[in-house]
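S.K.: Numbering (the numbering used here), first residue to last: 87 to 296. Where is the CB? At the ideal position from N, CA and C, for every residue including glycine.
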């Protein structure tokens, strides 16, 4: 529905500002003093390019044990061609496989507890690929792992100082420690050491850290 006047001695016109992967029809109207005559219509299709309007994926915890995250996404607002495939980025690393254009979700498994994961979706046409903004989710906590026994030092005949380091794998925010001594329990809170008093001289005690 747009007309371009190319004057009488120009026989080529470069049409610009077109939409990708869109069909356009053209005809020539030739004028002389008596009037004009139109050619028949001829059609042209612009080439494909990378999609636009690709939103960040939606993330939800699908399972706690084992830990699974459901990644869902929508088709781009402007495909700009025929969508060939989708791919996923996890913590900025591209998955080694792709999904067909009719697939809009994937369940990621075998995740670590209390860990942040970032996902982005990649949509591709024959003209290129585009990447969405990332979305982030943190998996739930689990019990700590690899807890080393406390270090013990007898400071007197009736006192032992116990100290320890945080677990090698915390799997969450440590809320408290419990120091077990034979059949008794002591509660140092979040402290990493505790002085145990009122012990019997020259007696063996077994300590355990929870």
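#1: Excluding the 5 residues flanking residue 186 on each side, which residues of the same chain have their C-beta closer than 7 Å to its C-beta?
#2: I want to know whether the segment 200–207 touches the segment 127–136 - three or more CB-CB distances under 8 Å.
#3: Hey, how far is the Cα of residue 271 from the Cα of residue 153?
#4: What would DSSP say about residue 233, mapped onto helix, strand or coil?
#5: Could you check the C-alpha separation between residue 164 and residue 122 for me, to the nearest Å?
#6: Given 8 Å as the limit, is there contact between the segment 257–265 and the segment 222–231, that is, 3 or more CB pairs closer than that?
#7: How is residue 262 classed by DSSP in three states: helix, strand or coil?
#8: Using 8 Å as the threshold, is the C-beta distance between residue 221 and residue 142 below it?
#9: Taking the beta strand (DSSP E) that residue 194 falls in, what are its first and last residues?
#10: How many Å lie between residue 277 and residue 175 at the Cα?
#11: Just tell me which of 287, 262, 249, 218 has its CA closest to the CA of residue 293.
#12: Measure the beta-carbon distance from residue 264 to residue 145 and round it to whole angstroms, keeping in mind my assumption that it falls under 8 Å.
#13: In the structure shown, what three-state DSSP assignment does residue 324 receive?
#14: Which class does residue 274 belong to by DSSP, given the choice of helix, strand or coil?
#15: Could you tell me the alpha carbon to alpha carbon distance between residue 262 and residue 189, rounded to whole angstroms?
#16: Would you call the CB atoms of residue 241 and residue 291 closer than 8 Å?
#17: Once the 5 residues before and after residue 297 are set aside, which same chain residues still bring their CB inside 7 Å of it?
#18: Would you report the Cα separation of residue 196 and residue 155, rounded to the nearest angstrom?
#19: Going straight from the alpha carbon of residue 215 to that of residue 193, what length do you get?
#20: Considering just the uninterrupted stretch of the beta strand (DSSP E) at residue 124, what are its terminal residues?
#21: Do residue 139 and residue 211 have their beta-carbon atoms positioned less than 8 Å apart in this structure?
#22: Under a three-way DSSP split, which group does residue 154 fall into?
M.R.: Well, looking at it:
#1: In the chain shown, the residue the question calls residue 186 occupies position 100. Cβ neighbours of residue 186 beyond the five flanking positions: 171.
#2: no
#3: For the purposes of this step, residue 271 is taken as the residue at position 185 of the chain shown. For the purposes of this step, residue 153 is taken as the residue at position 67 of the chain shown. So the two alpha carbons sit approximately 33 Å from each other.
#4: Counted from its first residue, the chain shown places residue 233 at position 147. Coil at residue 233, not helix or strand.
#5: Here residue 164 refers to the residue found at position 78 when the chain shown is read from its first residue. Here residue 122 refers to the residue found at position 36 when the chain shown is read from its first residue. C-alpha separation (whole angstroms): 39 Å.
#6: yes
#7: Here residue 262 refers to the residue found at position 176 when the chain shown is read from its first residue. Coil, per DSSP.
#8: Within the chain shown, the letter at position 135 stands for residue 221. Within the chain shown, the letter at position 56 stands for residue 142. Taking 8 Å as the Cβ cut-off, residue 221 and residue 142 qualify as a contacting pair.
#9: Taking the chain shown and counting its residues from 1, the one referred to as residue 194 is at position 108. Where residue 194 is concerned, the enclosing beta strand (DSSP E) stretches over 191–194.
#10: In the chain shown, counting from the first residue as 1, residue 277 sits at position 191. In the chain shown, counting from the first residue as 1, residue 175 sits at position 89. Whole-angstrom Cα-Cα distance: 40 Å.
#11: Position 207 of the chain shown, counted from the start, is the residue given in the question as residue 293. Nearest of 287, 262, 249, 218 to residue 293, Cα basis: 249.
#12: To locate residue 264, count along the chain shown from 1; it is residue 178. To locate residue 145, count along the chain shown from 1; it is residue 59. Incorrect: roughly 35 Å between the Cβ atoms, too far for contact.
#13: This structure cannot settle anything about residue 324, because the visible part of the chain is limited to 87 through 296.
#14: As a working mapping, residue 274 is identified with position 188 in the chain shown. Three-state DSSP puts residue 274 in a strand.
#15: Within the chain shown, residue 262 is the residue found at index 176, counting from 1. Within the chain shown, residue 189 is the residue found at index 103, counting from 1. Their backbone Cα atoms lie some 45 Å apart in a straight line.
#16: As a first step, residue 241 is located in the chain shown; it is residue number 155 there, counting from the start. As a first step, residue 291 is located in the chain shown; it is residue number 205 there, counting from the start. Going by C-beta atoms, residue 241 is not nearer than 8 Å to residue 291.
#17: Any answer about residue 297 is impossible in this case: the structure gives the chain only from 87 up to 296.
#18: Within the chain shown, numbered from 1, the residue matching residue 196 stands at position 110. Within the chain shown, numbered from 1, the residue matching residue 155 stands at position 69. In a straight line, the C-alpha of residue 196 is about 9 Å away from that of residue 155.
#19: Here residue 215 refers to the residue found at position 129 when the chain shown is read from its first residue. Here residue 193 refers to the residue found at position 107 when the chain shown is read from its first residue. Going by the C-alpha atoms only, they are around 22 Å apart.
#20: If you number the chain shown from 1, residue 124 lands on position 38. Residues 121–124.
#21: Residue mapping note: residue 211 aligns to position 125 of the chain shown, counting from 1. Residue mapping note: residue 139 aligns to position 53 of the chain shown, counting from 1. Cβ atoms of residue 211 and residue 139: not closer than 8 Å.
#22: On the chain shown, residue 154 is found 68 positions in, with the first residue counted as 1. Strand at residue 154.
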